[in-house]
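Report on one structure; see the data block that follows.
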Amino acid sequence: MVDIKGLRLLVVGATGVIGGEVAAAAAARGARVAVAGRDRERLARAADRAGAAPGQLFDAYDLESCRALAARAAEGSGGLDAVLLAFGAIAFGRTGQVPLAVQEHLMTVNALAPMAVLEGALPVVGPGGALAAVTGAVVDRPFPLTSAYRASKTALSAWLESVRAECRRERITVLDARLPHLDTGFARRAVSGVPPPLPPGADLDTWVSALLDALLHGAFVLGADAADGRPTVLPATSGVAHPVGGVR
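Whatever position you read off the sequence shown (first residue = 1), add 5 for this note's numbering.
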């Protein structure tokens, strides 16, 4: 387990299950956590749990506001070393059966909004900093009834890869966290369609810990080992790994 004491981390999507657990776990390990989310009451609970200042509300459809999140968080914490995104939306349906409005929603929430947040974070975290986003195992392989959802997450994954290559000289880590199915209730909150039968969820605590370790070690892609399903660092096509924050 990596020591992240003193790391200044912004968790965007802290009102969700994964984001809330990441924020709490990072704070428990000594990080200075800031939080952002879209529900005022849940955001207040997430901030309290992580020992953070009152969090920032944001709307994924307000891309300029998304781009400003990191700068606003840095003002309250004296800077940022890392920004991690853990928010999104899901829908199910065969190709051609997911309404176009829903497909547009998925692209906005799962791709355009995260891109805007991380674009705004680049000059804030600066050289030696880290950016991370939860995409999902769906990036690596198709699952039934998820073509529209997969397209949005794969768009974000491809963008992360390009940013990683661009940021090589600045030594900014860009992590793509392709987490497996976790039993957080996310699939049951689909904006459209009904989920197919799903396998048992992987252990949330294990993956939250692995996500924080991967972020601090300067990993590029975190995913599940093909043999045993455990968290593992996967190869990436670009970038030079370097540790972040206090573990340089």
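Even for Gly, the Cβ is constructed at its ideal location relative to N, Cα and C.
- Looking from the CA of T113, the closest CA among G35, A28, E69, A232 belongs to E69.
- The beta carbon of G125 lies closer than 8 angstroms to those of C71, R72, A73, L74, A75, A76 in the same chain, with the five residues before and after it left out.
- Along the region 150-213, the beta strand (DSSP E) occurs as fully enclosed runs of 3 or more residues at 178-182, listed in sequence order.
- Per DSSP, R99 is not a residue of any beta strand (DSSP E), being assigned neither H nor E.
- Fewer than three Cβ pairs drawn from the region 226-239 and the region 44-52 lie within less than 8 angstroms of each other, which leaves the two stretches out of contact.
- Put simply, of Q61, A160, A29 the residue whose alpha carbon is nearest the alpha carbon of Q108 is A160.
- For G93, there is no enclosing alpha helix (DSSP H), as DSSP marks it with neither H nor E.
- In this structure the region 93-106 does not touch the region 25-35; the number of beta carbon pairs closer than 8 angstroms is below three.
- Exclusion of the five residues before and after A121 leaves L68, C71, R72 as the residues of its chain whose Cβ lies within less than 7 angstroms of its Cβ.
- Setting aside the 5 residues that flank it on each side, G131 is surrounded in the same chain by E175, I177, each with a C-beta closer than 8 angstroms to its C-beta; the list follows chain order.
- A residue is called buried once 16 or more other Cβ atoms fall within 10 Å of its Cβ, and Q102, having fewer, is exposed.
- In the structure shown, the three-state DSSP call for R45 is helix.
- Bounds of the beta strand (DSSP E) holding L14 are 13-17.
- Counted as a single uninterrupted DSSP element, the stretch harbouring V226 is not any alpha helix (DSSP H) but the beta strand (DSSP E) occupying residues 226-229.
- By DSSP's assignment, T237 forms a beta bridge with G228.
- A contact between stretches requires three or more CB pairs, one per stretch, nearer than 8 angstroms, and the region 8-17 meets this requirement with the region 85-99.
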